[in-house]
Amino acid sequence: MGRYMTALESFAPRWFLKCVNCCIKKPLSMFTEASLDMTSDAIITVDAKGIIQYCNRSTFNLLNLGRDELIGRSFSEMVQLFNDKSACSEVNFFERFCSTEPFFDRECPLFLHRPDGSDVAVEDCAVPIELPESREPGALIVLRNISERKRAQDALDLSDRMFQDLLNFVPDALLIAEVNGKITLVNTKAARMFGYGRAELIGMDLFALIPFCPFHENRAQLLCGCADNNIDSSLCEISCLKKEGGTFPGEVNFGLLDSIEGRLLIAVVRDISQRKQFERQISYQTTHNELTRLPNRALLLERLDDAIVRARLNRTMVGLMFVDLDNFKNINDTLSHGIGDAFLCEIATRLLGLLPAFDELAHIGGDEFVLMFENVRDREELDGVAQRVLETIDQPCDIDDRRIQVSASIGITVFPDDGDDTLTLQRNADMAMYRAKEKGRNSFAFYCRDMHKTQQMRLEISNALRQALENREFELHYQPKLNLHTGRISSAEALIRWQHPEKGMIAPGFFIPLAEEYGLIVDIGAWVIDESCRQISQWRAEGMAPLRVSVNLSAGQCRRDDIYTRVMKTLSLYGVESKYLELEVTESMVLHDPEQALQVFRALSDDGVQIAIDDFGTGYSSFSYLRRFPSKALKIDKSFVDGLADDIGNLEIIRAIVSVAHNLGMRVVAEGVETIEQFDLLRDNGCDYIQGYIISRPVRASEIAGFIVESERRLWNKGV
Numbered sequence: 001m002g003r004y005m006t007a008l009e010s011f012a013p014r015w016f017l018k019c020v021n022c023c024i025k026k027p028l029s030m031f032t033e034a035s036l037d038m039t040s041d042a043i044i045t046v047d048a049k050g051i052i053q054y055c056n057r058s059t060f061n062l063l064n065l066g067r068d069e070l071i072g073r074s075f076s077e078m079v080q081l082f083n084d085k086s087a088c089s090e091v092n093f094f095e096r097f098c099s100t101e102p103f104f105d106r107e108c109p110l111f112l113h114r115p116d117g118s119d120v121a122v123e124d125c126a127v128p129i130e131l132p133e134s135r136e137p138g139a140l141i142v143l144r145n146i147s148e149r150k151r152a153q154d155a156l157d158l159s160d161r162m163f164q165d166l167l168n169f170v171p172d173a174l175l176i177a178e179v180n181g182k183i184t185l186v187n188t189k190a191a192r193m194f195g196y197g198r199a200e201l202i203g204m205d206l207f208a209l210i211p212f213c214p215f216h217e218n219r220a221q222l223l224c225g226c227a228d229n230n231i232d233s234s235l236c237e238i239s240c241l242k243k244e245g246g247t248f249p250g251e252v253n254f255g256l257l258d259s260i261e262g263r264l265l266i267a268v269v270r271d272i273s274q275r276k277q278f279e280r281q282i283s284y285q286t287t288h289n290e291l292t293r294l295p296n297r298a299l300l301l302e303r304l305d306d307a308i309v310r311a312r313l314n315r316t317m318v319g320l321m322f323v324d325l326d327n328f329k330n331i332n333d334t335l336s337h338g339i340g341d342a343f344l345c346e347i348a349t350r351l352l353g354l355l356p357a358f359d360e361l362a363h364i365g366g367d368e369f370v371l372m373f374e375n376v377r378d379r380e381e382l383d384g385v386a387q388r389v390l391e392t393i394d395q396p397c398d399i400d401d402r403r404i405q406v407s408a409s410i411g412i413t414v415f416p417d418d419g420d421d422t423l424t425l426q427r428n429a430d431m432a433m434y435r436a437k438e439k440g441r442n443s444f445a446f447y448c449r450d451m452h453k454t455q456q457m458r459l460e461i462s463n464a465l466r467q468a469l470e471n472r473e474f475e476l477h478y479q480p481k482l483n484l485h486t487g488r489i490s491s492a493e494a495l496i497r498w499q500h501p502e503k504g505m506i507a508p509g510f511f512i513p514l515a516e517e518y519g520l521i522v523d524i525g526a527w528v529i530d531e532s533c534r535q536i537s538q539w540r541a542e543g544m545a546p547l548r549v550s551v552n553l554s555a556g557q558c559r560r561d562d563i564y565t566r567v568m569k570t571l572s573l574y575g576v577e578s579k580y581l582e583l584e585v586t587e588s589m590v591l592h593d594p595e596q597a598l599q600v601f602r603a604l605s606d607d608g609v610q611i612a613i614d615d616f617g618t619g620y621s622s623f624s625y626l627r628r629f630p631s632k633a634l635k636i637d638k639s640f641v642d643g644l645a646d647d648i649g650n651l652e653i654i655r656a657i658v659s660v661a662h663n664l665g666m667r668v669v670a671e672g673v674e675t676i677e678q679f680d681l682l683r684d685n686g687c688d689y690i691q692g693y694i695i696s697r698p699v700r701a702s703e704i705a706g707f708i709v710e711s712e713r714r715l716w717n718k719g720v
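Residue numbers (the UniProt record's numbering): 1 to 720.
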């Protein structure tokens, strides 16, 4: 019996075991029964048939039943009465309790259902005994109420699950380790991030996962930083090591946690791969041109700064070459921005093909490229590269079945001769590039000091332009056009002149580009139309024969929604018939927004205003569009007229233009005619009007009437 009592030692106090031992050996005395009633555990004895022989008071309290309801009842029936809900509900309890060995099960508690509907959880222990009175085999059953403990354990289990769920809910990897780095707990994110199973991570060294951590060799510093809540000491960006050997960028934040087991080290690891990739993309986008993928202005200036520093140390020279495509805007306006972008990419590819002739190529915006050179020997070296760049760009290019050919203008500066800092070199190269354009484009120019005077003049002129309209400093000169069919001058082109009060007559080729650059061209163009209509009205009042005046429209005017209204109001204001006003537009202007241009110019044409296409043959208009456009005249560009007597190609182009124009019902005007040979060829090949110095230079309005009479007499007396 002693070995059976041993099974109860962990289940009841020693004094109680002594009492139980006594009651087993002899009938229960009042003292013994009172002692058994004092224990909080339910004690039951049953005979071999499972009939309950004895219950202590705690049994009654546990089951909410009286003595009469329990004594003499079958224990099996009582178990059925209790409606056991445990996982062990199918076990034969009598056999279980009356086995030859002590029975004790803490892992499978019983859930008993009381008559009042409440549940009670119990641990059960059974010991085979010999009943004291009958000496028959039986069993001693002890039931302990563990409802409170079960609720506490359930609450603890729930807390553990919630804690684990909370850890798994954290979007970052969370690893808890002892202060020596031994991992004790991880969340699911940590396992996935590092490529391990959760069980594999337990027991590993935390710093084996983050071997590049600056605290790897100095963990004391980390612990001190965490204890002092010093963020700088506990937060770092590092490379983390995955199970398969790869790495990923991570941001690690450390902290300390006090627990009953001592201090624990917490590491929160965030995978910042996407953030780093985004930062690289942002960095690339801020330092490179989005279209051509070349370095932009910001990166160029940074690298130029570095090159200047090296040049100072090594006593060498740095070259800077600004490349600007000539008339590139016409491609965007006439063909589309898509074709323009494709052409810029083609130019970038061509320039890259010149490597290693230079050290850096940048696309600083629009149609501007910059080449940088280190260790420059002399200016002749840059001279040769500039020539190669011009030849490379000038080669024709086919995009979407369109042949495009554009030249370039290049400005060159050299450190330290032309500037000892980045901004000065850049500014001077820009000035040199404008000097190249003034030379006739498709050329290059080295910076020289007198360019500052030109730049200063540009600034002064641009400021004076704003006051010129108010001060009535502009005037119109008129260049007559000879009708080759009648031999009479019946039209003239209005050309603006600027009589500056201090600088004298300023050429339009100088101030018109500035007016376009500073947004003044629309107001100046409106003044030209107004003044032309006023002059037509005045000539009519003076009794002069009607003269049609052609006016050049700017791109800015063409794009305004109110161009139709402005023109018609001006004609009405001066009482001028619309047929005496001709508006000259270039192909690039009308093709910027072709449908809107068609709508506006058709409305003007329907109301009698004459429309002419200027500089025909230099743009990219299609014949289908030309047929739809309400033009009454085509003007052959001066570039085709120059050298006409010596270039059979130009003559063939002019014949084609004349043929197309006449088939579309348009008259042909040749401008820039200066020699008798040009005059004869143009007349013999069907041109309708001639304009140029051979007829007359532009003259003032007051001189036009006398000139018309005299020029007609002179020309026809010569048999021109």
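Cβ atoms here follow ideal geometry from the backbone N, Cα and C, with glycine treated the same way.
- Beta-bridge partners assigned by DSSP to THR586: ASP614.
- The Cβ-Cβ distance between TYR693 and LYS481 does not fall below 8 Å.
- C-alpha of TYR196 to C-alpha of LEU264: approximately 22 Å in a straight line.
- Under the Cβ criterion (8 Å, minimum of three pairs), the segment 170-181 does not count as touching the segment 132-147.
- Under the three-state reduction of DSSP, GLY504 is assigned to strand.
- With a cut-off of 8 Å on Cβ pairs, the segment 568-587 is not in contact with the segment 509-518, counting fewer than three such pairs.
- As the crow flies, the alpha-carbon of ARG441 is around 9 Å from that of TYR434.
- Beyond the five residues adjoining it in sequence on each side, SER259 comes within less than 6 Å, by CB distance, of no other residue in the same chain.
- In the DSSP secondary-structure assignment, PRO295 is bridged to HIS288.
- As DSSP reads the structure, GLN479 sits in a beta bridge with GLU493.
- Taking the Cα of ASP562 as reference, the smallest distance to any Cα among SER532, ALA526 and ILE536 is reached at ALA526.
- When only Cα atoms are considered, CYS397 and GLY340 end up about 12 Å apart.
- Residue VAL323 holds the alpha-carbon nearest to the alpha-carbon of VAL406 among VAL323, PRO508 and ARG135.
- Of the other Cβ atoms in all chains shown, 16 or more fall within 10 Å of the Cβ of ASP41; this residue is therefore buried.
- Counting C-beta pairs with one atom in each stretch, the segment 478-493 and the segment 535-555 have three or more that are closer than 8 Å, which means they touch.
- Listed in chain order, the alpha helix (DSSP H) runs fully inside the segment 529-604 are 555-558, 563-574 and 587-590, counting runs of at least 4 residues.
- Going by DSSP, MET321 is part of the beta strand (DSSP E) stretching over 317-325.
- A contact is defined here as three or more CB-CB pairs under 8 Å, and the segment 593-601 fails this definition with respect to the segment 538-547.
- It is roughly 15 Å from the alpha-carbon of GLY419 to the alpha-carbon of VAL376.
- In the DSSP assignment, ASP306 is bridged to no other residue.
- At least 8 Å separates the beta-carbon of LEU644 from that of LEU634.
- For CYS448, the number of other beta carbons within 10 angstroms of its own is below 16, and it is reported as exposed.
- The Cβ atoms of TYR564 and ALA612 do not sit closer than 8 Å to each other.
- For LYS182, there is no enclosing alpha helix (DSSP H), since its DSSP letter is neither H nor E.
- Assignment of PRO249 by DSSP, reduced to helix, strand and coil, places it in the strand class.
- Using a Cβ distance threshold of 8 Å, ASP326 and SER409 count as a contacting pair.
- According to the DSSP assignment, CYS448 belongs to no alpha helix (DSSP H), since it is labelled neither H nor E.
- Between the alpha carbons of MET193 and LEU166 lies a distance of about 17 Å.
- For GLU374, the enclosing beta strand (DSSP E) begins and ends at 368-376.
- In the DSSP assignment, SER409 falls within the unbroken beta strand (DSSP E) covering 408-415.
- It is roughly 16 Å from the alpha-carbon of PRO356 to the alpha-carbon of PHE369.
- By the beta-carbon neighbour count (other beta carbons within 10 angstroms, threshold 16), MET317 is buried.
- Contact check for VAL600 and SER578: beta-carbon distance about 14 Å, past the 8 Å limit, so the pair fails to qualify.
- With 16 or more neighbouring CB atoms inside 10 Å of its own CB, GLU582 falls in the buried class.
- Under the DSSP assignment, ARG161 falls in the alpha helix (DSSP H) whose first and last residues are 147-169.
- In this structure, GLU470 keeps its C-beta atom at 8 Å or more from the C-beta atom of GLN499.
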